[in-house]
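S.K.: Going down the list, the sequences are from chains A, B, C, D, E, F, G, H, I and J.
Quick note, the first sequence lines up with residues 1 to 92 if you use our numbering.
Quick note, the second sequence lines up with residues 1 to 92 if you use our numbering.
Quick note, the third sequence lines up with residues 1 to 92 if you use our numbering.
Quick note, the fourth sequence lines up with residues 1 to 92 if you use our numbering.
Quick note, the fifth sequence lines up with residues 1 to 92 if you use our numbering.
Quick note, the sixth sequence lines up with residues 1 to 92 if you use our numbering.
Quick note, the seventh sequence lines up with residues 1 to 92 if you use our numbering.
Quick note, the eighth sequence lines up with residues 1 to 92 if you use our numbering.
Quick note, the ninth sequence lines up with residues 1 to 92 if you use our numbering.
Quick note, the tenth sequence lines up with residues 1 to 92 if you use our numbering.
Protein chains: 10
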Amino acid sequence: MEFLVRFETSQPATMSVDERERLRVIERERAMELRAAGILIKLWRLPGKRGGIGLWEAPDATALHDALASLPMFPWTENTVEALATHPQEKK
Amino acid sequence: MEFLVRFETSQPATMSVDERERLRVIERERAMELRAAGILIKLWRLPGKRGGIGLWEAPDATALHDALASLPMFPWTENTVEALATHPQEKK
Amino acid sequence: MEFLVRFETSQPATMSVDERERLRVIERERAMELRAAGILIKLWRLPGKRGGIGLWEAPDATALHDALASLPMFPWTENTVEALATHPQEKK
Amino acid sequence: MEFLVRFETSQPATMSVDERERLRVIERERAMELRAAGILIKLWRLPGKRGGIGLWEAPDATALHDALASLPMFPWTENTVEALATHPQEKK
Amino acid sequence: MEFLVRFETSQPATMSVDERERLRVIERERAMELRAAGILIKLWRLPGKRGGIGLWEAPDATALHDALASLPMFPWTENTVEALATHPQEKK
Amino acid sequence: MEFLVRFETSQPATMSVDERERLRVIERERAMELRAAGILIKLWRLPGKRGGIGLWEAPDATALHDALASLPMFPWTENTVEALATHPQEKK
Amino acid sequence: MEFLVRFETSQPATMSVDERERLRVIERERAMELRAAGILIKLWRLPGKRGGIGLWEAPDATALHDALASLPMFPWTENTVEALATHPQEKK
Amino acid sequence: MEFLVRFETSQPATMSVDERERLRVIERERAMELRAAGILIKLWRLPGKRGGIGLWEAPDATALHDALASLPMFPWTENTVEALATHPQEKK
Amino acid sequence: MEFLVRFETSQPATMSVDERERLRVIERERAMELRAAGILIKLWRLPGKRGGIGLWEAPDATALHDALASLPMFPWTENTVEALATHPQEKK
Amino acid sequence: MEFLVRFETSQPATMSVDERERLRVIERERAMELRAAGILIKLWRLPGKRGGIGLWEAPDATALHDALASLPMFPWTENTVEALATHPQEKK
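1. Report, in whole angstroms, the separation of the C-beta atoms of proline 72(H) and isoleucine 26(H), which I expect to be a contact under 8 Å.
2. For leucine 34(H) versus lysine 42(H), is the C-beta spacing smaller than 8 Å?
3. Would you decide whether threonine 62(F) is buried or exposed? Buried here means 16 or more other CB atoms lie within 10 Å of its CB.
4. When Cβ atoms are compared, which residues of the segment 31-65 of chain D fall closer than 7 Å to chain A?
5. Starting from the C-beta of threonine 14(D), find all residues in its chain whose C-beta is less than 7 Å away, skip the five residues before and the five after it, and write them out in chain order.
6. Under 8 Å, with one C-beta from each stretch per pair, do the segment 74-91 of chain D and the segment 17-25 of chain E reach the 3-pair mark?
7. Report the residues of the segment 70-87 of chain A with a CB closer than 7 Å to any CB of chain B, ordered along the chain.
8. Would you list the residues sitting across from leucine 43(H) in a DSSP beta bridge?
9. Cα separation between alanine 83(J) and serine 70(E)?
10. Given that a residue counts as buried once 16 or more other Cβ atoms are within 10 Å of its Cβ, and exposed if not, what is proline 47(B)?
11. Any C-beta of chain B within less than 7 Å: which residues of the segment 1-16 of chain C qualify?
12. Can you give me the start and stop residues for the beta strand (DSSP E) that leucine 23(H) sits inside?
13. Less than 8 Å between the C-beta atoms of alanine 58(H) and phenylalanine 7(H), yes or no?
14. What is the DSSP secondary structure of leucine 68(D), reduced to helix, strand or coil?
15. On the DSSP letters alone, give me the boundaries of the beta strand (DSSP E) that threonine 9(F) sits inside.
16. Leaving aside the five residues before and after glycine 52(D) along the sequence, list all residues of the same chain whose C-beta is less than 7 Å from its C-beta, in chain order.
17. Taking Cβ-Cβ distances shorter than 8 Å, what residues in chain B pair up with leucine 68(E)?
18. Keeping to the same chain, check which residues put their C-beta closer than 8 Å to that of arginine 50(E); ignore five residues upstream and five downstream.
19. Closer than 8 Å, CB to CB, is arginine 28(E) near chain F or not?
20. What does glutamate 21(I) touch in chain G if you count any residue whose Cβ is under 7 Å from its own?
21. Just to confirm the assignment, what range does the beta strand (DSSP E) spanning threonine 86(G) have?
22. Can you tell me the Cα-Cα spacing of aspartate 96(G) and serine 16(J), whole angstroms?
23. If distances are taken between C-alpha atoms only, which option among Glu90(F), His87(F), Ala85(F) and Ala67(F) comes closest to asparagine 79(F)?
24. Apart from the five residues on each side of it in sequence, which residues of its chain come closer than 8 Å, Cβ to Cβ, to arginine 30(H)?
25. For chain M, is any of its Cβ atoms less than 8 Å away from the one on tryptophan 76(F)?
26. Does the Cβ of alanine 85(C) have 16 or more other Cβ atoms within 10 Å, making it buried, or fewer, making it exposed?
27. Exposed or buried, methionine 1(G), counting other C-beta atoms within 10 Å across all chains shown (16 or more means buried)?
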């Protein structure tokens with residue numbers, strides 16, 4: 001089942017540049033694992049924003065939450081999830 | 001997988017009392033079938049509203065949409081769906 | 001360039017069943033042409049809604065508008081468009 | 001009488017990991033007491049969120065408030081309460 | 001238990017003056033019955049609006065809904081209900 | 001003239017427990033004076049919230065503001081005021 | 001006491017040009033009476049809108065409502081009222 | 001002085017195709033006059049919408065309103081106006 | 001040209017009482033200068049709020065911004081500006 | 001392709017006056033480079049706000065994001081982007 005996840009990150013002003021960079025690297029690593037597992041399908045950036053939109057595939061909302069919460073930047077991320085149904089035009 | 005569905009109905013002023021009653025009866029019949037099938041779990045009314053909240057269980061969002069769209073009053077219903085994940089306290 | 005388009009359709013209560021069916025058929029035909037042209041990439045349905053979300057690809061917003069306005073149901077459709085940027089993780 | 005309670009928690013960035021874990025444990029303990037007392041019926045997590053939705057049963061809004069305020073994480077929780085009426089289809 | 005009910009009425013433009021007056025009279029009669037029964041406590045008008053705010057007392061949300069739905073103008077009324085808890089300062 | 005005042009308090013996380021308790025006590029004392037003066041008529045708590053709704057009576061909005069601003073917790077309170085008119089059904 | 005009233009008018013498409021003009025004339029006449037009575041202080045138009053903002057003076061919200069409801073276009077007007085308090089800088 | 005005007009048009013479903021075309025033509029003619037007069041500077045279409053954004057220049061809000069209200073489609077147009085100030089970087 | 005400016009102030013909790021008082025005094029002094037210059041016409045307080053509504057007169061939005069930004073409390077003030085047009089009833 | 005970008009800046013209260021001035025200078029320098037490159041077309045200030053509206057031209061949303069993110073104040077700026085299509089009246 002597919003989900004559309006809108007996300008916005010907001011790290012505290014007190015976080016050091018080093019910590020930000022460290023987080024960016026491990027965030028990317030975890031995202032790559034989730035892509036390899038077929039859970040994270042695609043990410044887009046929304047122009048001008050510190051966030052974007054992701055297309056995810058998971059058996060259910062519990063598995064989706066576990067994937068989102070496994071990202072290192074989860075504590076600083078505001079997610080909005082929409083469950084997606086197959087459109088009739090997409091059905092074979 | 002569980003879904004929380006907020007619904008609000010708004011039938012046109014031009015609909016006759018008979019048609020309204022006919023719709024109410026077949027709506028209830030279809031809802032009973034969906035309950036028997038284990039898809040519609042529970043309905044609540046929101047006080048003062050022409051609508052309410054339903055707890056649904058379906059394999060995915062496509063199956064949920066098919067169930068909601070099978071209700072006779074679907075053309076006059078505004079649904080808002082939220083995918084629900086299992087809360088850690090509910091896990092055995 | 002990619003665009004995410006949220007759409008909601010609301011045909012007037014006075015439209016006949018035949019007219020609705022005719023519109024559905026020619027809407028699908030036009031959508032298939034836009035898919036073949038590589039402009040309409042994918043559609044999802046939002047469960048419980050008379051609408052959904054589409055992923056589109058067009059050279060710019062003018063070409064996107066022309067594609068959206070060429071759909072037979074455009075006069076009864078409310079679209080919300082978001083321009084999408086490539087996410088750093090998607091860059092080769 | 002049933003109530004639907006949407007909640008979102010937001011602990012301050014300055015709270016230590018130990019304090020967070022201590023709070024999680026006593027929050028769960030208090031929740032278990034409220035379940036045993038038949039006040040807290042069920043919790044769901046909203047995917048991607050630090051919060052969720054709960055179904056509560058209490059004699060009135062005052063008793064519900066006392067239950068919600070007895071949770072250790074109440075000072076960091078934003079609750080939105082909706083009073084639920086019995087749906088005609090649920091009546092025996 | 002007390003409830004605060006915000007209401008806004010919007011009768012269709014096609015309703016005759018006579019029908020409006022007839023509705024106003026029987027609405028007032030029903031409201032008087034609900035006052036006598038101790039369910040409707042007080043009404044206020046919001047200046048400039050076709051509606052207002054009411055303070056109601058009912059055993060639970062189901063009884064409140066039944067009272068609100070028994071008003072002749074219910075089909076043309078948009079209600080928003082808030083459950084009220086006793087404030088600590090009001091406790092004896 | 002009556003006013004409905006919705007209020008929400010949000011004290012800073014850095015405020016000590018002692019200071020909170022001291023504020024609660026003098027807030028109550030001032031509220032009691034405003035009740036004795038016939039300005040504060042009734043308070044309700046909104047379940048699950050750090051705030052509620054108050055019914056106030058004051059000659060005009062300036063006198064209402066002076067009363068609200070005289071409460072010790074005013075600097076940490078967000079108020080929303082609605083002017084109330086007498087409902088025709090309440091007129092003798 | 002002063003009130004700020006935001007208003008937006010929306011006459012039905014079926015109203016004839018003659019009826020619109022007749023309403024405009026008697027609306028203006030009634031407004032002039034309310035100005036002469038010191039109740040309507042000033043009107044502004046919001047550019048591009050079918051409505052605007054008015055400054056009113058009335059003993060209380062009930063008198064304000066009676067004045068607003070006495071305008072011939074009241075049935076087609078959406079009003080939003082704010083009670084105004086005297087600013088400290090305006091006090092003598 | 002410059003103004004940014006967001007507009008959305010919504011003609012009634014009952015308007016004939018001929019009337020729509022006639023309106024489109026005279027709307028364009030009036031817009032061209034306003035361009036020639038230096039009042040309408042530029043129009044953009046928002047993709048997927050029946051409306052867009054315009055940049056206008058007028059001595060004040062009254063002159064802007066007169067220009068907007070002189071457009072034949074004004075009765076079916078919802079405008080939102082923002083007054084624009086010169087940005088420091090644009091000052092010579 | 002007239003402008004309606006809604007403002008809300010929110011000084012940081014860390015600001016000392018002395019600094020607050022100093023700001024209040026110089027804010028008032030600057031406001032008096034703007035009144036003397038015919039730019040600030042009138043201020044109202046919104047009851048229960050740390051802010052209010054002002055009526056301003058300035059040649060254009062740039063001059064209005066310069067006046068608003070010249071107030072000592074500008075860095076802690078959230079302004080919302082509406083351009084006002086002359087209402088037909090106010091024209092001589 | 002053109003984009004309309006609404007922006008609002010909010011620097012932390014703890015930032016020194018010197019740092020603010022340094023940022024303002026390098027922000028302006030970078031903006032001038034983007035103007036020279038034909039990417040930033042025009043900026044307007046919204047009166048009373050710490051922000052405004054910009055008209056940008058970029059090949060696509062990715063190039064726009066890169067330009068916006070290259071501004072030194074990007075970490076303290078909230079941007080809202082709208083893709084603009086050519087209006088039929090602007091076409092040659």
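Virtual Cβ for every residue (Gly too), placed ideally from N, Cα, C.
M.R.: On the basis of the coordinates in this document:
1. Counted from its first residue, the eighth sequence places residue 72(H) at position 72. Counted from its first residue, the eighth sequence places residue 26(H) at position 26. Contact flag correct, Cβ pair sits at about 5 Å.
2. Position 34 of the eighth sequence, counted from the first residue, corresponds to residue 34(H). Position 42 of the eighth sequence, counted from the first residue, corresponds to residue 42(H). Judged by their CB atoms, leucine 34(H) and lysine 42(H) are not nearer to each other than the 8 Å cut-off.
3. What you label residue 62(F) is simply residue 62 of the sixth sequence in a count that begins at 1. With 16 or more other Cβ atoms inside 10 Å of its own Cβ, threonine 62(F) counts as buried.
4. Those residues of the segment 31-65 of chain D that come within reach of chain A (Cβ to Cβ, closer than 7 Å) are Arg45, Pro47, Gly48 and Lys49.
5. Taking the fourth sequence and counting its residues from 1, one reaches residue 14(D) at position 14. Here the set comprises nothing.
6. The segment 74-91 of chain D makes no contact with the segment 17-25 of chain E: fewer than 3 CB pairs, one atom from each, lie closer than 8 Å.
7. Listed in sequence order: Val81, Ala83, Leu84, Ala85 and Thr86.
8. Locating residue 43(H) in the eighth sequence gives position 43, counting from the first residue. Leucine 43(H) is bridged to Gly54(H).
9. Counting from one through the tenth sequence, the residue named residue 83(J) turns up at place 83. Counting from one through the fifth sequence, the residue named residue 70(E) turns up at place 70. Rounded to the nearest angstrom, the gap between the Cα atoms of alanine 83(J) and serine 70(E) is 50 Å.
10. Translated into the one-based positions of the second sequence, residue 47(B) becomes position 47. Proline 47(B) is classed as buried because its beta carbon has at least 16 other beta carbons within 10 Å across all chains shown.
11. Contact annotation: in the segment 1-16 of chain C, residues whose CB is within less than 7 Å of a CB in chain B are Ala13.
12. By one-based count along the eighth sequence, residue 23(H) stands at place 23. It is not in any beta strand (DSSP E) - leucine 23(H) instead sits in the alpha helix (DSSP H) that spans 17-36.
13. Indexing the eighth sequence from 1 puts residue 58(H) at position 58. Indexing the eighth sequence from 1 puts residue 7(H) at position 7. Their beta carbons are not under 8 Å apart, which means alanine 58(H) does not touch phenylalanine 7(H) by this criterion.
14. Here the question's residue 68(D) lines up with position 68 in the fourth sequence. Leucine 68(D): helix per DSSP, three-state reduction.
15. Taking the sixth sequence and counting its residues from 1, the one referred to as residue 9(F) is at position 9. Threonine 9(F) -> beta strand (DSSP E) spans 2-9.
16. Numbered from its first residue, the fourth sequence carries residue 52(D) at position 52. Phe7, Leu43, Trp44, Arg45 and Leu46, listed in sequence order.
17. Working through the fifth sequence from its first residue, we reach residue 68(E) at position 68. Those are Pro47 and Gly48, listed as they occur along chain B.
18. Taking the fifth sequence and counting its residues from 1, the one referred to as residue 50(E) is at position 50. Take arginine 50(E), set aside five residues on each side of it, and the residues of its chain with a beta-carbon closer than 8 Å to its own are Glu8, Thr9 and Ser10, in chain order.
19. By one-based count along the fifth sequence, residue 28(E) stands at place 28. Yes, because at least one Cβ of chain F sits closer than 8 Å to the Cβ of arginine 28(E).
20. Counted from its first residue, the ninth sequence places residue 21(I) at position 21. Neighbours of glutamate 21(I) on chain G: none; closest Cβ ~13 Å, over 7 Å.
21. To locate residue 86(G), count along the seventh sequence from 1; it is residue 86. In the DSSP annotation of this structure, the continuous segment of the beta strand (DSSP E) that includes threonine 86(G) starts and ends at 77-86.
22. Since the first and last residues shown for chain G are 1 and 92, residue 96(G) lies out of range.
23. For the purposes of this step, residue 79(F) is taken as residue 79 along the sixth sequence, with counting starting at 1. Ranking the options by Cα distance to asparagine 79(F), first place goes to Ala67(F).
24. Here residue 30(H) refers to the residue found at position 30 of the eighth sequence. Closer than 8 Å at the Cβ level, and outside the excluded window around arginine 30(H), lie Ser70, Leu71 and Pro72.
25. Among the protein chains in the structure shown, which are A, B, C, D, E, F, G, H, I and J, there is no chain M.
26. Counting from one through the third sequence, the residue named residue 85(C) turns up at place 85. Counting Cβ neighbours within 10 Å, alanine 85(C) comes out buried, since at least 16 surround it.
27. Counting from 1 along the seventh sequence, the entry for residue 1(G) is found at position 1. Its Cβ being crowded by 16 or more others within 10 Å, methionine 1(G) is buried.
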